[in-house]
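In my numbering, the protein residues as written are 1157 to 1605. First comes the structure, then the notes that go with it.
Structure, rendered in structure tokens:
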């Protein structure tokens, strides 16, 4: 089969996510036949380094033998069972393991299918917690500017990226928005930490004034991924945790994209030394294999729902594939690899290689910023570096980088004008250098008028 054969069939029947389908009149789809390690291969034998981990999910490479084996073993035992009134060994084992590796105090696991669903569950849990405690007036949520938490209506309401949100605004609940600590906006001479502390003042003021009506603050620790890979200092969340405790407000940590080693620690919250009231995990939870998500929370939250059925205090929320045994088996294999293969330490070396490989771009006249947390690095193209004037979004210059990268065996998928790297952890130093060279070439092409 040739690429064009499958593409023709695809365009007759498939509506692709986050895509203006008309683009494919001039921007061909890339049909993938197989994957191995960091490589994706199409039907004509062309290969591409998966520099974006197939939407930030793949950790240990495609067709990982250990994860494949875990799936095969579990399929022979149990593919699925209802989790209401029943249980199974993989979900119990996974829950125990997650409680061991996440911040101390997160003692209960509630499962869902994807990141947006985890956010929805956490929002409902927080509101319902306060209702069960006789405080139904606490029904508002606080987000940060430029945030993103998913595409379902509750999660979308908590986001602040206009491209995804504005069309559906009439359908969404109102939220309270505090300014992001995104270090891109700091003043000349100001450190990331100083800027984060300055930005914290606004959310502390908001909590002081409106805590009696606020359920929770929802944050993406360290990196606002869909918001252009904007990054901030961990001190912000240290201070925010203290403020949430002071004003009796929950803290929801959306680690869907940044969890499982993306920021240099297993979880981003570790760098702030905090335990959130809710931690939402997905994506890397199953190393890019299967849909699964989880909300970890505290015994305090759990106990607020624990009562006789007739009190109507139970959390009556569910998904058909909650705690799927195959997904849980994959997640356990993922945690085994972290434990056995010294992944976090190895990633420190790879992240240094990544930073060094793109360091030369700091002097480029159209590169306004290079930022990095661990295995996530972003290069932001600018029309004018001195004034931080962006290229008009309508020019879609990032697509030029994407198109060039495909000709150089690389999948780079910029967010607007932001070229980013979030590769699988099995990438080599040589492959990192290749990606950096391809990105450099692509940026040169993209900024030409």
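For every residue, glycine included, the Cβ atom is placed at its ideal position computed from N, Cα and C.
Residues bridged to residue i [DSSP beta-bridge criterion]
{"i": "residue 1431", "result": "Paired residue(s): none; residue 1431 is not in a bridge."}
{"i": "residue 1449", "result": "1268"}
{"i": "residue 1540", "result": "1545"}
{"i": "residue 1386", "result": "1380"}
{"i": "residue 1115", "result": "This structure gives no information on residue 1115, because the portion of the chain shown stretches from 1157 to 1605."}
{"i": "residue 1308", "result": "In the DSSP output, where bridge partners are listed per residue, residue 1308 has none listed."}
{"i": "residue 1534", "result": "1527 and 1576"}
{"i": "residue 1560", "result": "Partner(s): none; residue 1560 has no beta bridge."}
{"i": "residue 1284", "result": "For residue 1284, which the question treats as bridged, DSSP gives no partner whatsoever."}
{"i": "residue 1218", "result": "1193"}
Endpoints, alpha helix (DSSP H) assigned at residue i
{"i": "residue 1300", "result": "Per DSSP, residue 1300 belongs to no alpha helix (DSSP H); it is in the beta strand (DSSP E), 1296-1300."}
{"i": "residue 1333", "result": "Per DSSP, residue 1333 belongs to no alpha helix (DSSP H); it is in the beta strand (DSSP E), 1332-1334."}
{"i": "residue 1509", "result": "1499-1514"}
{"i": "residue 1401", "result": "1391-1403"}
{"i": "residue 1590", "result": "1585-1602"}
{"i": "residue 1488", "result": "1481-1496"}
{"i": "residue 1363", "result": "1348-1366"}
{"i": "residue 1252", "result": "1245-1257"}
{"i": "residue 1550", "result": "It is not in any alpha helix (DSSP H) - residue 1550 carries neither H nor E in the DSSP assignment."}
{"i": "residue 1166", "result": "1159-1169"}
{"i": "residue 1209", "result": "1209-1212"}
N-terminal and C-terminal residue of the beta strand (DSSP E) that residue i is part of
{"i": "residue 1192", "result": "1188-1192"}
{"i": "residue 1198", "result": "1195-1198"}
Where residue i sits in the DSSP three-state scheme
{"i": "residue 1566", "result": "strand"}
{"i": "residue 1203", "result": "strand"}
{"i": "residue 1314", "result": "helix"}
{"i": "residue 1239", "result": "coil"}
{"i": "residue 1174", "result": "coil"}
{"i": "residue 1437", "result": "strand"}
{"i": "residue 1328", "result": "coil"}
{"i": "residue 1571", "result": "strand"}
{"i": "residue 1454", "result": "coil"}
{"i": "residue 1416", "result": "coil"}
{"i": "residue 1460", "result": "coil"}
{"i": "residue 1338", "result": "coil"}
{"i": "residue 1689", "result": "The chain is shown from 1157 up to 1605; residue 1689 falls before or after that span and cannot be answered."}
{"i": "residue 1522", "result": "coil"}
{"i": "residue 1470", "result": "coil"}
{"i": "residue 1322", "result": "helix"}
{"i": "residue 1273", "result": "helix"}
{"i": "residue 1442", "result": "helix"}
{"i": "residue 1475", "result": "coil"}
Neighbour flag for residue i against chain D, beta carbons, 9 Å
{"i": "residue 1604", "result": "The chain labelled as chain D is not found in the depicted structure, where only one protein chain is given."}
For this session: Examine the Cβ distances between the region 1399-1418 and the region 1560-1571 and report whether three or more of them are shorter than 8 Å.
Result: no
Exercise. So does the region 1517-1536 actually touch the region 1385-1405, counting three or more Cβ pairs closer than 8 Å?
Worked result: yes
Problem set entry | Three CB pairs or more closer than 8 Å across the region 1345-1360 and the region 1503-1520 | no
Exercise. So does the region 1284-1294 actually touch the region 1308-1322, counting three or more Cβ pairs closer than 8 Å?
Worked result: no
Exercise. Looking at C-beta atoms only, is the number of pairs between the region 1190-1203 and the region 1511-1520 that lie closer than 8 Å three or more?
Worked result: no
Problem set entry | Three-pair Cβ contact test at 8 Å for the region 1431-1445 versus the region 1212-1229 | Counting Cβ pairs under 8 Å, three or more are found: they touch.
Exercise. With contact counted as at least three CB pairs below 8 Å, one residue from each stretch, are the region 1271-1286 and the region 1451-1471 in contact?
Worked result: The region 1271-1286 makes contact with the region 1451-1471, as at least three CB pairs between them are under 8 Å.
Exercise. Any chance the region 1208-1217 sits against the region 1443-1462, with 3 or more Cβ pairs inside 8 Å?
Worked result: yes
Exercise. For the region 1451-1460 against the region 1301-1308, are there 3 or more C-beta pairs whose distance is under 8 Å?
Worked result: no
Exercise. Three or more beta-carbon pairs under 8 Å between the region 1477-1484 and the region 1493-1502, yes or no?
Worked result: Taking 8 Å as the limit for Cβ pairs, the verdict is that the region 1493-1502 does not touch the region 1477-1484.
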